[in-house]
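Student: Following this message is one structure expressed as C-alpha cells.
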Amino acid sequence: MRRLAAAPLFSLGFRPLFLAGAGFAALAILIWGLWLYGHWFDLQPAGGMLAWHRHEMPFGFAAAIVAGFLLTAVPNWTGIPGVRGGGLIALVSVWVVGRLAWWLPLPTGLILALQWGFLPLLAVMLGRDLVAARKRENYPIVFMLGLMAGCQALTLIGLYNDDAGLQRQGVLGALWLVAALMTVIGGRVIPFFIQRGLNRPPAPAANPLPTRLLLIGSLLTAVTFAAGLNDSPRWWLAGLFVLTGSLQLMRLIRWHDRGIWRMPLLWSLYLAYGWMALATWAMALWHLGLIGQQSLATHALAVGGVGGLILAMIARVSLGHTGRLLQPSKGMALGFALVLFAAGCRVLLVPFSSLGLGLSVVLWCAGFTLFLRHYAAILLKPRL
C-alpha cells in the first residue's frame, strides 16, 4: 500500500482522476450506444439504462474531471499541499465503487447510497484548505460543489422512488452547474492560456461586473432546472438565458485572437466555450417557442460545451503539470476535433436522421480514446 501511495499516479489529483474520467467517458458512451442500437447484453444497471446514463455523465464522468482539476488548482491557490497518497487513493476508490455499484447484485438503496459519497467528500477536502488559507474569493466553488451534491441527492431520490421528473431535474441542474463551474474556471484560465500561448502582453483588468453577472446568471439557470421550471416554455426564463448567453458571447469576442487558430490547445478551448454559449442561446429560443426540442440545447451543452472543454482542459493541464511542452500531438488535435464534430452530429443531424446519434457516439469515444492513447504514459510517469 505504501508503494502504491508513493507512485507518481497518486502524487496529484489530476493524474488518476483525468485518466479515470476520460476512460469512463469513452466506456460509458460506448455502452450507451450499444444499448441504443440493440447490441448490449441483457445485463442492466439499477434503475435501467436511461437512469444510469443520465446519472453517470454529470456525476461520474464530469465529477471526476472537475475533482481532478480542483485538487490540482486549489494547492496553487492556497499554497497548502494537495491531497495525495493514501488520501487520494481513498477518494478515487469512493468514485470507483460508485461506478461499479450500478452493476452489482446489491439492494437498490445501498447502490444509490454508494453514489453520493464522492462530491461531499471532495467539497470537505477542498473547503478545508480554502478556509485555512482564507481564500474567500474561491468559496463559491465549494458552494457549487455543495449544490451539485444536492442535485445528485435529488436524482437519487427520484431513482429510488421511480420518479423520472425528479431524476431529470437533478441531472439537468447538475449539468448546468458544471457549466457554471466551467464559466468561473474558464473565465480565469482561457484568457491566460491565450495570452501565454501567443506571447501577448497582459490585458488590462476587465470590469468585474459582467463576470459577476455571468456567475449569478449561470447559477440561476442551474437552480431553475433543479426546481423544474424548465419543464415547459416560460417567456420570462428566456430573458435569463438571453442575458447569460449575451455575456458568454461578449467573452468570446473579447478573447478572440487570430493566433488561436494555429494552436490546437487554444482553438479547442475557444470552440468548446462557444458550444456552451450556443446551448444557452438555444435554451432562450426554446422558451420563446422557436426550437421544438429542449434536448438539442441539453446535448449542445453536454457534448460540445462540457465534453469539449473537458477534453481540451485536461490535455492542457496534463502537459503543464507534468513539465511537458505545451504542444499536443497531431493525434490529440484530431481528438479535439472529433468531440466537437460529435456535438455537431448530436445536435444538427439527429433531428433528421438516427445516423447522427451513432456518428456522435463513435466520434466521442474516438476523441477520448485518443486522449488515453497519448496521455496515459504521461500521467503514469513522474514529472519531467
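Numbering-wise, the sequence shown is residues 1 to 384 according to the UniProt record's numbering.
C-beta: ideal position from N, C-alpha, C; glycine also.
(1) How is the alpha helix (DSSP H) around C365 delimited, first residue to last?
(2) Judging by CA-CA distance, which residue of F118, Q294, Y160, G85 is the nearest neighbour of L4?
(3) With a threshold of 8 angstroms, are at least 3 pairs of Cβ atoms found where one atom belongs to the region 73–89 and the other to the region 9–20?
(4) Considering only residues of the same chain and omitting the five flanking positions on each side of F61, which have a CB-CB separation below 7 angstroms?
(5) Among the candidates E56, L36, Q167, T211, whose CA atom is the shortest distance from the CA of R251?
(6) Quick one: using the 10 Å Cβ neighbour count with 16 as the cut-off for buried, is D231 buried or exposed?
(7) Taking all protein chains shown into account, do 16 or more other C-beta atoms lie within 10 angstroms of the C-beta of H299, making it buried, or fewer, making it exposed?
(8) Mapping the DSSP letters down to three states, classify F192 as helix, strand or coil.
(9) State buried or exposed for E137, treating a residue as buried only when at least 16 other CB atoms are found within 10 Å of its CB.
(10) Helix or strand or just coil, what does DSSP make of V74?
(11) Mapping the DSSP letters down to three states, classify D162 as helix, strand or coil.
(12) Would you call V83 buried or exposed, if buried means 16 or more other Cβ atoms sit within 10 Å of its Cβ?
(13) In terms of alpha-carbon separation, which member of G109, R128, I190 lies closest to L159?
(14) Which residue wins for smallest C-alpha separation from V171, given the options A312, M57, W95?
(15) Between L349 and G356, is the Cβ-Cβ spacing less than 8 angstroms?
(16) Take V92 and list the residues in its own chain whose beta-carbon comes closer than 7 angstroms to its own, dropping the five residues that flank it on each side.
(17) Taking C-alpha atoms, which residue in G186, H53, L112 lies nearest to L70?
(18) Less than 8 angstroms separating the beta-carbons of W235 and L288?
(19) Provide the residue span of the alpha helix (DSSP H) that contains H55, from first to last.
(20) Could you give the first and the last residue of the continuous alpha helix (DSSP H) run that contains I253?
(21) Please work out which residues of its chain come closer than 7 angstroms, Cβ to Cβ, to L36, disregarding the five sequence neighbours upstream and downstream, and give them in chain order.
(22) For L380, which residues from the same chain have a beta carbon less than 7 angstroms from its beta carbon, with the 5 sequence-adjacent residues on both sides left out?
(23) For G33, which residues in the same chain have their Cβ closer than 7 angstroms to its Cβ, ignoring the five residues on either side in sequence?
(24) Please say whether W255 and Y270 have beta carbons closer to each other than 8 angstroms?
(25) DSSP three-state label for Q327, please.
(26) For F118, which option in W103, G68, T78, W52 has the closest C-alpha, if you only look at C-alpha atoms?
(27) Determine the direct distance from the alpha carbon of D257 to that of L325, and round the result to whole angstroms.
(28) Quick one: any contact between the region 294–311 and the region 264–278, if contact means 3 or more CB pairs under 8 angstroms?
(29) Mind checking Q169: buried by the 16 CB within 10 Å criterion, or exposed?
(30) Can I80 and D42 be called in contact, C-beta distance under 8 angstroms?
(31) Within the continuous alpha helix (DSSP H) that includes F24, where are the two ends?
(32) Since M125 is in the alpha helix (DSSP H), which residue starts that stretch and which ends it?
(33) Could you check what DSSP says for N138 in three-state terms: helix, strand or coil?
(34) Thinking F148 and A174 are a contact (beta carbons under 8 angstroms), I'd like their distance in whole angstroms, please.
(35) Should L309 and A272 be called a contact, given that it needs their Cβ atoms to be closer than 8 angstroms?
(36) I need the straight-line Cα distance from P233 to V223, nearest angstrom please.
Tutor: Well, looking at it:
(1) Indexing the sequence shown from 1 puts residue 365 at position 365. Per DSSP, C365 belongs to the alpha helix (DSSP H) from 355–380.
(2) Residue 4 sits at position 4 when you count from the first residue of the sequence shown. The option with the nearest alpha carbon to L4 is G85.
(3) yes
(4) Taking the first residue of the sequence shown as 1, we reach residue 61 at position 61. Same-chain partners within the cutoff: G21, F24, A25, A28.
(5) In the sequence shown, the residue the question calls residue 251 occupies position 251. For the residues E56, L36, Q167, T211, the minimum Cα distance to R251 belongs to T211.
(6) Here residue 231 refers to the residue found at position 231 when the sequence shown is read from its first residue. Exposed, since its Cβ has fewer than 16 Cβ neighbours within 10 Å.
(7) Against the sequence shown, residue 299 aligns to sequence position 299. It is buried - the Cβ of H299 has at least 16 other Cβ atoms within 10 Å.
(8) Position 192 of the sequence shown, counted from the start, is the residue given in the question as residue 192. DSSP places F192 in helix when its eight states are reduced to three.
(9) Here residue 137 refers to the residue found at position 137 when the sequence shown is read from its first residue. Answer is exposed; the Cβ neighbour count stays below 16.
(10) Within the sequence shown, the letter at position 74 stands for residue 74. Helix, per DSSP.
(11) Within the sequence shown, residue 162 is the residue found at index 162, counting from 1. In the structure shown, D162 sits in coil (DSSP, three-state: anything other than H, G, I, E or B).
(12) Taking the sequence shown and counting its residues from 1, one reaches residue 83 at position 83. Buried.
(13) Taking the first residue of the sequence shown as 1, we reach residue 159 at position 159. Residue G109 is the option with its Cα nearest to L159.
(14) Translated into positions along the sequence shown, residue 171 becomes position 171. Of the candidates A312, M57, W95, the one whose C-alpha sits nearest the C-alpha of V171 is M57.
(15) Working through the sequence shown from its first residue, we reach residue 349 at position 349. Working through the sequence shown from its first residue, we reach residue 356 at position 356. Closer than 8 angstroms, so yes.
(16) Mapped onto the sequence shown, residue 92 falls at position 92. Contacts found: P16, L17, A20.
(17) Start at 1 with the first residue of the sequence shown, and residue 70 comes out as number 70. The option with the nearest alpha carbon to L70 is G186.
(18) On the sequence shown, position 235 is the one that residue 235 refers to. On the sequence shown, position 288 is the one that residue 288 refers to. Cβ distance < 8 angstroms, so W235 and L288 count as in contact.
(19) Along the sequence shown, read from residue 1 onward, the residue named residue 55 stands at position 55. Looking at the DSSP string, the run of the alpha helix (DSSP H) that includes H55 is 49–56.
(20) The residue you call residue 253 lines up with position 253 of the sequence shown. Per DSSP, I253 belongs to the alpha helix (DSSP H) from 235–255.
(21) Within the sequence shown, numbered from 1, the residue matching residue 36 stands at position 36. For L36, where only same-chain residues beyond five positions count, the Cβ hits under 7 angstroms are L357.
(22) Along the sequence shown, read from residue 1 onward, the residue named residue 380 stands at position 380. Once the five neighbours on either side are set aside, the close Cβ partners of L380 are P8, L9.
(23) Position 33 of the sequence shown holds residue 33. These residues qualify, in order along the chain: G358, V361.
(24) As a working note, residue 270 is residue 270 in the sequence shown. As a working note, residue 255 is residue 255 in the sequence shown. In this structure, W255 lies closer than 8 angstroms to Y270 by Cβ.
(25) Position 327 of the sequence shown holds residue 327. Correct three-state label for Q327: coil.
(26) Counted from its first residue, the sequence shown places residue 118 at position 118. Comparing Cα positions, the closest option is G68.
(27) Counting from one through the sequence shown, the residue named residue 325 turns up at place 325. Counting from one through the sequence shown, the residue named residue 257 turns up at place 257. Rounded to whole angstroms, L325 to D257 spans 22 angstroms at the Cα level.
(28) yes
(29) As a working mapping, residue 169 is identified with position 169 in the sequence shown. Buried.
(30) For the purposes of this step, residue 80 is identified with residue 80 of the sequence shown, where counting begins at 1. For the purposes of this step, residue 42 is identified with residue 42 of the sequence shown, where counting begins at 1. Result no, Cβ atoms of I80 and D42 do not sit closer than 8 angstroms.
(31) Counted from its first residue, the sequence shown places residue 24 at position 24. From DSSP, the alpha helix (DSSP H) with F24 extends over 14–36.
(32) Residue numbering aside, residue 125 sits at position 125 when the sequence shown is read from its first letter. Residues 118–132.
(33) The residue you call residue 138 lines up with position 138 of the sequence shown. N138: helix per DSSP, three-state reduction.
(34) By 1-based counting over the sequence shown, the position of residue 148 is 148. By 1-based counting over the sequence shown, the position of residue 174 is 174. Phe is not the amino acid found at residue 148; the sequence shown has Met there. Right, their Cβ atoms sit about 5 angstroms apart.
(35) Within the sequence shown, numbered from 1, the residue matching residue 309 stands at position 309. Within the sequence shown, numbered from 1, the residue matching residue 272 stands at position 272. Cβ atoms of L309 and A272: closer than 8 angstroms.
(36) Locating residue 233 in the sequence shown gives position 233, counting from the first residue. Locating residue 223 in the sequence shown gives position 223, counting from the first residue. Computed Cα separation, rounded: 16 angstroms.
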